[in-house]
Structure formats: structure tokens, C-alpha cells
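Novice: To start, I am sharing the structure in question, which I have written as C-alpha cells.
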Amino acid sequence: MTTTKEFDSLLPSNCSDRRSFITTVAAAGFALAVQPVQAQTVISTSSDKLEAGGGSIPVEGGALPIYYARPAQAAGRLPTVLVVQEIFGVHEYIRDVCRRLAKLGYLAIAPELYFRQGDPARLENVGAILETIVSKVPDAQVLADLDATAAWALGKGGDAGRLAITGFCWGGRITWLYSAHNPKIKAGVAWYGKLDGAPSALTPRHPLDIAGSLHAPVLGLYGGQDQGIPMHDVEAMQAELKKAGSKSEIVVYPDAPHAFHADYRPSYRKEAAEDGWKRLQTWFREHGV
1 MTTTKEFDSL LPSNCSDRRS FITTVAAAGF ALAVQPVQAQ TVISTSSDKL EAGGGSIPVE
61 GGALPIYYAR PAQAAGRLPT VLVVQEIFGV HEYIRDVCRR LAKLGYLAIA PELYFRQGDP
121 ARLENVGAIL ETIVSKVPDA QVLADLDATA AWALGKGGDA GRLAITGFCW GGRITWLYSA
181 HNPKIKAGVA WYGKLDGAPS ALTPRHPLDI AGSLHAPVLG LYGGQDQGIP MHDVEAMQAE
241 LKKAGSKSEI VVYPDAPHAF HADYRPSYRK EAAEDGWKRL QTWFREHGV
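Using full-length UniProt numbering, the first residue of the sequence shown is number 1, and each one after it goes up by one.
The structure is reproduced here in C-alpha cells:
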């Protein structure tokens with residue numbers, strides 16, 4: 001875990017640069033105390049009876065690396081779930097989530113959405129990841145890469161009529177945005193994704209801006225003790241969804257921090273994580289995925 005002194009050492013010396021850096025960190029909407037690690041998960045899902053592994057998809061700017069998992073023996077086309085990474089990229093925890101979904105009968109695909117900007121696994125701390133990678137990733141690029149991933153799924157036996165998305169932290173925000181972007185999405189589950197922020201050239205809109213434009217219902221799962229996502233943002237999102245007549249819902253776990261599903265981190269909360277996972281399954285099933 002990063003101490004206050006250690007985090008302060010990550011800050012630029014110039015005052016205006018320090019303020020800019022802290023704003024960028026806050027905008028990421030995740031717990032500052034979490035360092036990037038090689039994720040060793042509490043839950044370890046085997047690839048037995050699964051087809052699982054890597055691949056790549058031709059996209060603008062190169063070849064998009066992916067990890068996917070699906071039942072090895074499946075009759076007919078499979079419901080498909082796009083799995084969107086945390087800020088730390090597609091590491092073992094995200095790959096395990098794909099295998100967990102495959103065990104439930106899904107084709108689950110996690111694209112490496114930072115591949116043009118860099119590899120977060122090569123960086124030593126959160127500050128470096130935010131400054132050198134995350135701050136340079138355009139939303140438009142991410143949405144286009146997810147479109148390409150959804151199209152690729154068809155060649156792997158995916159069902160275009162049963163497409164869902166789920167994402168964690170950075171990917172939780174993207175889950176909201178993609179659910180307003182792709183009219184073919186049937187359902188989304190956003191885990192503690194940032195809801196509001198200052199618009200920029202690369203991130204022109206946030207979930208609060210598109211609450212009335214969702215093509216599919218989104219289930220938002222949030223922690224009441226999240227230091228990066230204030231409850232007034234969650235309440236504002238709930239109000240916007242209600243005003244729009246959306247079928248989306250938000251569930252708050254009062255005692256849970258940010259990243260409560262991330263079972264390789266100290267932030268993991270077993271009860272909230274298991275309840276959220278059950279809700280995800282029910283949500284997808286109820287909305288035809």
C-alpha cells in the first residue's frame with residue numbers, strides 16, 4: 001500500500017503541475033492507496049472445459065491484443081460479454097473474470113485498451129500509469145476498439161443479439177459510456193466507475209452526461225466508503241436515471257471501499273463482491289443476455 005509520504009514523492013515539484021497531477025488522479029475515480037501489482041487472485045478459475053487464450057484484432061493504429069474465454073463445447077451461438085479493464089490493464093484478475101463468465105456459458109473478451117499508449121505492467125506506481133498512459137487514452141478510441149471487439153466476437157461464435165458489457169474502476173466508467181454508444185448492447189454492469197468530471201478533449205463526456213441516452217439498462221455497483229467517487233455523484237446519477245425513465249439501477253454497499261470486487265487487493269470485500277457477482281448474473285439473464 002502507498003503511504004502518504006510515498007504518494008507525495010510521486011508528485012511533480014512545480015505547484016501548478018502538482019495540482020494538475022492531483023486533479024488527474026482524482027478524475028480517475030479509484031483508490032490512491034492501491035499500487036499496480038501482478039494480480040494473484042483469491043478466486044482462481046481453471047480453464048478446464050474452456051477455450052481460453054490470447055489473440056489480436058486489426059484496428060486503427062495496430063493490432064488490438066485481447067484475452068478471451070468461452071465454453072470449449074457449446075451448441076449454437078454464445079451470449080457475449082465485453083470485459084473492460086481497470087487502470088492496471090488486462091492482468092490475471094481480469095483474465096480470471098473472463099474465465100468465470102465463460103464457466104457461466106458466455107464468450108467473454110477483454111481487450112487491452114491501452115496498447116497504443118503503453119503497458120501499465122511495466123510501470124512502478126499509480127502516478128506513472130496515470131500520467132504516461134491513462135491521461136492519453138481518448139474515449140473515442142476506446143469505444144471504437146470495443147466496437148471492433150464486438151465484431152470479432154461473431155467469428156468466435158458470439159451472438160450479436162446477446163451482447164453485454166461489464167467493467168471495473170476505469171472500465172466501470174467506460175461501461176456507462178459504451179452503453180450509450182452501441183445500440184446493440186442489451187445490458188451493462190458498471191463496477192465503481194467514475195460518474196462525473198471536468199470535460200476534456202479526450203474525455204468530453206461522463207456518465208452523468210449520458211444518463212438519458214443509454215441504449216441498454218446498466219446496473220451500477222458502488223461502495224459507500226469509496227474515497228474516489230463521492231456519494232453525491234452516485235445520488236446525482238440516480239436522480240438523472242430516474243428523470244430519464246431509465247431501467248438502470250445503482251446498488252450501494254455502505255461499508256465497501258473502491259475496488260471491493262478486486263480479489264487481489266486489500267480493498268476486496270468478500271460479501272459485497274459475491275453479492276455483486278450474483279446481481280450481475282441476474283441482471284444479464286433478466287435482460288436477455
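The beta-carbon is built from N, C-alpha and C at its ideal position, and this holds for glycine as well.
Between residue 294 and the rest of its own chain, which residues show a CB-CB distance below 6 Å, the 5 nearest in sequence each way excluded?
Specialist: Examination of residue 294 is not possible in this model, given that the chain is present from 1 through 289 alone.
Novice: Determine the direct distance from the alpha carbon of Gly-76 to that of Gly-127, and round the result to whole angstroms.
Specialist: As a first step, residue 127 is located in the sequence shown; it is residue number 127 there, counting from the start. As a first step, residue 76 is located in the sequence shown; it is residue number 76 there, counting from the start. Near 45 Å, if we compare the C-alpha coordinates of Gly-76 and Gly-127.
Novice: Quick one: using the 10 Å Cβ neighbour count with 16 as the cut-off for buried, is Pro-199 buried or exposed?
Specialist: As a position in the sequence shown, residue 199 is number 199, starting the count at 1. The residue in question, Pro-199, is exposed, as its Cβ has fewer than 16 Cβ neighbours within 10 Å.
Novice: Within 8 Å, do at least three Cβ pairs link the stretch 182-193 to the stretch 91-111?
Specialist: no
Novice: Would DSSP call Asp-147 helix, strand or coil?
Specialist: Numbered from its first residue, the sequence shown carries residue 147 at position 147. In the structure shown, Asp-147 sits in a helix (DSSP, three-state: H, G or I).
Novice: Report the rounded CA-to-CA distance for Leu-255 versus Gln-225, giving the unit in angstroms.
Specialist: Residue numbering aside, residue 255 sits at position 255 when the sequence shown is read from its first letter. Residue numbering aside, residue 225 sits at position 225 when the sequence shown is read from its first letter. Note that residue 255 is Asp in the sequence shown here, rather than Leu. Distance from the CA of Asp-255 to the CA of Gln-225, rounded to the nearest whole angstrom, comes to 6 Å.
Novice: Apart from the five residues just before and just after Gln-281, which ones in its own chain have a Cβ nearer than 6 Å to its Cβ?
Specialist: Here the question's residue 281 lines up with position 281 in the sequence shown. Cβ within range, chain order: n/a, list empty.
Novice: Taking DSSP's pairing of strands, which residues face Thr-80 in a bridge?
Specialist: Along the sequence shown, read from residue 1 onward, the residue named residue 80 stands at position 80. Answer by DSSP bridge pairing, in chain order: Leu-107, Leu-163.
Novice: Whether or not the stretch 59-73 and the stretch 115-127 are in contact is what I'm after, with contact meaning three or more pairs of Cβ atoms, one per stretch, closer than 8 Å; do they touch?
Specialist: yes
Novice: Buried or exposed: which applies to Glu-86, given that a residue is buried once 16 or more other Cβ atoms fall within 10 Å of its Cβ?
Specialist: Looking up residue 86 in the sequence shown gives position 86. Using a 10 angstroms sphere on the CB of Glu-86, the tally of other CB atoms reaches 16 or more, which defines it as buried.
Novice: Check this for me: beta carbons of Ile-129 and Pro-138, under 8 Å apart or not?
Specialist: On the sequence shown, residue 129 is found 129 positions in, with the first residue counted as 1. On the sequence shown, residue 138 is found 138 positions in, with the first residue counted as 1. Not in contact: Ile-129 and Pro-138 (Cβ atoms no closer than 8 Å).
Novice: Taking DSSP's pairing of strands, which residues face Arg-70 in a bridge?
Specialist: Mapped onto the sequence shown, residue 70 falls at position 70. Its beta-bridge partners are Glu-51.
Novice: Under 8 Å between the Cβ atoms of Gln-227 and His-206?
Specialist: Mapped onto the sequence shown, residue 227 falls at position 227. Mapped onto the sequence shown, residue 206 falls at position 206. No, these two residues do not count as a Cβ contact at 8 Å.
Novice: Evaluate Arg-99 with the Cβ neighbour count: other Cβ atoms within 10 Å of its Cβ, from every protein chain shown; 16 or more gives buried, anything less gives exposed.
Specialist: As a working note, residue 99 is residue 99 in the sequence shown. Arg-99 should be labelled buried.
Novice: Is the separation between the beta-carbon of Val-289 and that of Lys-156 shorter than 8 Å?
Specialist: Here residue 289 refers to the residue found at position 289 when the sequence shown is read from its first residue. Here residue 156 refers to the residue found at position 156 when the sequence shown is read from its first residue. Not in contact: Val-289 and Lys-156 (Cβ atoms no closer than 8 Å).
Novice: According to DSSP, which residues form a beta bridge with Ser-56?
Specialist: Taking the first residue of the sequence shown as 1, we reach residue 56 at position 56. DSSP output for Ser-56 lists Pro-65 as bridge partner(s).
Novice: If Gly-167 sits next to Ala-190, beta carbons under 8 Å apart, how far is it from one beta carbon to the other, in whole angstroms?
Specialist: As a position in the sequence shown, residue 167 is number 167, starting the count at 1. As a position in the sequence shown, residue 190 is number 190, starting the count at 1. Indeed, because the Cβ distance is near 6 Å, the residues count as touching under 8 Å.
Novice: Let me know the secondary structure DSSP gives Ile-87 once reduced to three states.
Specialist: Mapped onto the sequence shown, residue 87 falls at position 87. Residue state, collapsed to three classes: coil.
Novice: List the residues that DSSP assigns as beta-bridge partners of Ile-250.
Specialist: Residue numbering aside, residue 250 sits at position 250 when the sequence shown is read from its first letter. The partner list for Ile-250 (beta bridge, DSSP) reads Gly-220.
Novice: What are the boundary residues of the beta strand (DSSP E) that Ile-185 is part of?
Specialist: Start at 1 with the first residue of the sequence shown, and residue 185 comes out as number 185. From DSSP, the beta strand (DSSP E) with Ile-185 extends over 185-191.
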